[in-house]
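Accompanying notes for the structure given below.
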Amino acid sequence: MILPSVTPTWTGPLCAFLSSVTWAIGSSAYSTLSRRFSAFGINFTRALVGLPFFIVLTFLLAGGWSAGLAAYSHLALHHLGWFMLGTFASYGFGDVLFFWSTRSLGVPGALAIASCFPIWTTAFGMIFLKQTIHTQGLVGLFVTITGVITVILNGPQTPHPEIRPESGDVVLESDADSLPSLTAPASRLENRKTGVLLAGTVSILWAVNSFAIANGGADIPNSVGNSLRMILAMSVSLFLSVIMTRKSKIFLPWSALKKSLWIFIAEPVFGSFLFMYGLANSPMIIGSTLTSLAPVLSVPVAWALGLEKVSFLRTLGVAMGVTGLWLLMSGQH
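According to the numbering used here, the sequence shown is numbered sequentially starting from 720.
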């Protein structure tokens, strides 16, 4: 295993929380890139960068070539099923719809709606896994999510450049590559109702992904599971790109990639590792909630660095997030 088999109970929740930090950083960069390049190409690149790291890590931790191959032999059909479900709900559609929803809502607005996904993940756990959630835990869940949304929606207003082709159409890679029937007019993606609908769909898809990862990654080495996830992510992204565009051009140009290379390493590699370990080693309601907390953490950090002034609503959001998390954690014992 990536971490020792005997570990403190807080390692899972901590990893879940830290994964939200990597996604908060990565999503802003990916959203900007999605205004110029295919969202499927961005996800393909994320997986392409992450895959070699997890393969090498598997063989290093296993202690050799034969032991590494033996580690991959732990993969079974149910792992493939769970990770395929999670891949379609995240790399395939969830993340792509999120990038598109940011065109009308901005990253803060889209993230505020999509951050409701722990509600659906908790519901999945109660319905399909018969998990029992105490009233205090449910109250903590809703208070935490409300705090996260409050923090996001009351952040400093920073204008972002609008990058759009002269034709007025939003395209996946270029006007020449997109099928006319699948090319969405800019006005449609920039309509707020469309953005809300997309972000709401994202929240459900991210919940499906969290549920799938928690179940699929519970009994296999982390690096092995993430290797399979990266392969599936590349396959699904390429497949959908070919279907939705005339050409199968999927690689981001180096000129664009090198500017954000550290993000394409930090988020797919460290973020994916932390995400899977956190969800597989935490109660469903706690793990999924902690993966959405990065905006709350960013506020006191920004205060300490002098990047923003203290505001009442942001302070209230942080207080609600901390209070809700305390209720959530204590309600599970």
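Think of the CB as a built atom: it goes at the ideal place given N, C-alpha and C, for glycine as much as any other residue.
Around the Cβ of Ser785, are there at least 16 other Cβ atoms within 10 angstroms (buried) or fewer (exposed)? Label assigned to Ser785: exposed.
Please state whether DSSP places Asn934 in a helix, a strand or coil. Asn934: helix per DSSP, three-state reduction.
Since Val870 and Pro1014 should fall inside the 8 Å C-beta cutoff, what is the C-beta to C-beta distance between them, to a whole number of angstroms? Beta-carbon to beta-carbon, Val870 and Pro1014 are separated by about 5 Å, close enough to satisfy the 8 Å threshold.
With DSSP collapsed to three states, give me the class of Pro771. Pro771 carries a helical assignment under DSSP once its states are collapsed to helix, strand and coil.
Enumerate in chain order the residues of its own chain whose CB-to-CB distance from Gly844 is below 6 Å, with the five nearest sequence positions on each side excluded. Cβ neighbours of Gly844 beyond the five flanking positions: Gln850 and Met1003.
Let's see if you can read the secondary structure: which residues bound the alpha helix (DSSP H) around Gly811? Secondary structure note for Gly811: it is in no alpha helix (DSSP H), with a DSSP letter that is neither H nor E.
Ignore the nearest five residues each way along the sequence and tell me which others in Gly1009's own chain have a CB closer than 6 Å to its CB. Gly is not the amino acid found at residue 1009; the sequence shown has Leu there. Contacts found: Pro732, Ala735 and Phe736.
For Gly1040 and Gly866, believed in contact at Cβ under 8 Å, the rounded distance: Sure, about 3 Å apart at Cβ, within 8 Å.
How should Pro884 be labelled, buried or exposed, when 16 other C-beta atoms within 10 angstroms of its C-beta is the threshold for buried? Per-residue confidence for Pro884 stands at a pLDDT of 33, beneath the threshold of 50, marking its modelled position as unreliable; no derived number is given.
Using the Cβ count rule (16 or more neighbours within 10 Å means buried), how would you classify His798? Counting of Cβ neighbours within 10 angstroms places His798 among the buried residues, the total reaching 16 or more.
CB Ile969 to CB Phe759, shorter than 8 Å? Contact flag set, yes.
Status (buried if at least 16 other CB within 10 Å, exposed otherwise) for Arg822: Taking all protein chains shown into account, Arg822 has 16 or more neighbouring C-beta atoms within 10 Å of its C-beta and is therefore buried.
Find the nearest neighbour of Val1018 within the set Pro875, Leu924 and Pro987, judged by alpha-carbon distance. Per the Cα distances, Pro875.
I want to check one thing, is the minimum distance from the CB of Val775 to the heavy atoms of the ligand SAM below 7 Å? For the ligand SAM, the structure offers nothing, since it holds no ligand at all.
When DSSP labels each residue in this structure, what does Gly825 get in the three-state scheme? Judged by DSSP in its simplified three-state form, Gly825 adopts helix.
So, using beta-carbon positions, are Ala743 and Val927 closer together than 8 Å? No, these two residues do not count as a Cβ contact at 8 Å.
Three-state secondary structure (DSSP) of Gln850: Here DSSP, grouped into helix, strand and coil, assigns Gln850 to coil.
At which residues does the alpha helix (DSSP H) containing Thr1010 begin and terminate? Segment: none, Thr1010 is in no alpha helix (DSSP H) and carries neither H nor E.
Under three-state DSSP, which class holds Glu986? In the three-state reduction of the DSSP assignment, Glu986 falls in the helix class, which pools H, G and I.
Classify Gly782 as helix, strand or coil using the three-state DSSP reduction. Coil.
Burial state of Pro723, where buried means 16 or more other Cβ atoms lie within 10 Å: Note that Pro723 has pLDDT 46, beneath the 50 cutoff, so the model's placement of it is unreliable and no number is given.
For the alpha helix (DSSP H) containing Pro972, name the first residue and the last one. Neither: Pro972 is in no alpha helix (DSSP H) and is coded neither H nor E.
How about Phe773 and Ser946: do their beta carbons lie closer than 8 Å? Contact: yes.
Excluding the five sequence neighbours on either side, which residues of its own chain have a C-beta within less than 7 Å of the C-beta of Ile868, listed in chain order? Residues Ala831 and Ser834 of the same chain have their beta carbon placed closer than 7 Å to that of Ile868, with the five preceding and five following residues left out of the count.
Roughly how many whole angstroms lie between the Cα atoms of Trp801 and Val768? Spanning the two alpha carbons is a distance of roughly 22 Å.
Which residue wins for smallest C-alpha separation from Gly990, given the options Val858, Val815, Leu860 and Asn941? Selected option, being the one with the closest Cα: Asn941.
Contact set for Pro880: own chain, Cβ-Cβ below 6 Å, skip 5 residues either direction: Low confidence applies to Pro880: its pLDDT is 43, below 50, so where it sits in the model is not reliable, and the reading given next is rough at best. Answer for Pro880: no residue qualifies.
Would you call the CB atoms of Gly935 and Gly811 closer than 8 Å? Not in contact: Gly935 and Gly811 (Cβ atoms no closer than 8 Å).
Closest to Trp1045 by C-alpha separation, out of Met995, Gly787 and Val858, would be which residue? Of Met995, Gly787 and Val858, the residue nearest in Cα terms is Val858.
Run through DSSP, which three-state label would Ser886 get? Because the pLDDT of Ser886 is 29, which lies under 50, any placement of that residue in the model is unreliable, and the question is left without a value.
Could you name the residues of the same chain whose beta carbon sits closer than 8 Å to that of Gly783, not counting the 5 residues immediately before and after it, in chain order? So the list is empty, once near-sequence residues are dropped.
Could you tell me whether the Cβ atoms of Leu971 and Thr764 are closer together than 8 Å? Judged by beta-carbon spacing, Thr764 lies within the 8 Å limit of Leu971, meaning their Cβ atoms are closer than that value.
Buried or exposed: where does Ile846 fall if 16 or more other Cβ atoms within 10 Å of its Cβ makes it buried? Ile846 is classed as exposed because its beta carbon has fewer than 16 other beta carbons within 10 Å across all chains shown.
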